[in-house]
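*Asks:* Provided herewith is a single structure, encoded as structure tokens, for subsequent inquiry.
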Amino acid sequence: MAAKIKIGDRTFELPRSRLIRLILGLVLIVGGLLGFLPVLGFWMIPLGLLILSVDLPVVRRWRRRLEVWWGRRRNGNGGNHETKA
1186 MAAKIKIGDR TFELPRSRLI RLILGLVLIV GGLLGFLPVL GFWMIPLGLL ILSVDLPVVR
1246 RWRRRLEVWW GRRRNGNGGN HETKA
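If you want our numbering, it's the position in the sequence shown, counting the first as 1, plus 1185.
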């Protein structure tokens, strides 16, 4: 079964091979570091991290923390752990 990632309302299938996903994620991050060049862009860094988060637990934790923080921020909680009454 192929790995899938969801960005907004869209779902994308990733390659089935773990090795290919790791290489793709690393290539995107390295390309993003060269974002000042034409065609390449800094948008490639978060996309590479998102792809790596499928296979690497450390990156998955970072992604999950970001999702929780973003969700709290959008709900008006401002990142506080207390809920509004």
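All C-beta atoms in this analysis are idealised placements derived from N, C-alpha and C, irrespective of residue type, glycine included. Since the model is a prediction, treat every value here as computed from it, not as a measurement.
Whole-angstrom Cβ separation of residue 1239 and residue 1199, contact assumed at under 8 Å?
*Replies:* By one-based count along the sequence shown, residue 1239 stands at place 54. By one-based count along the sequence shown, residue 1199 stands at place 14. With a Cβ gap of about 6 Å, residue 1239 and residue 1199 count as contacting.
*Asks:* Need the endpoints of the alpha helix (DSSP H) that residue 1201 sits in, please.
*Replies:* Stepping through the sequence shown from its first residue, residue 1201 is reached at position 16. It is not in any alpha helix (DSSP H) - residue 1201 carries neither H nor E in the DSSP assignment.
*Asks:* Give the straight-line distance between the Cα atoms of residue 1217 and residue 1231, rounded to the nearest whole angstrom.
*Replies:* Position 32 of the sequence shown, counted from the start, is the residue given in the question as residue 1217. Position 46 of the sequence shown, counted from the start, is the residue given in the question as residue 1231. Cα to Cα, residue 1217 sits roughly 9 Å from residue 1231.
*Asks:* Please classify residue 1283: is it buried, with 16 or more other beta-carbons within 10 angstroms of its beta-carbon, or exposed?
*Replies:* No answer is possible for residue 1283: it lies beyond the span of the chain, which begins at 1186 and ends at 1270.
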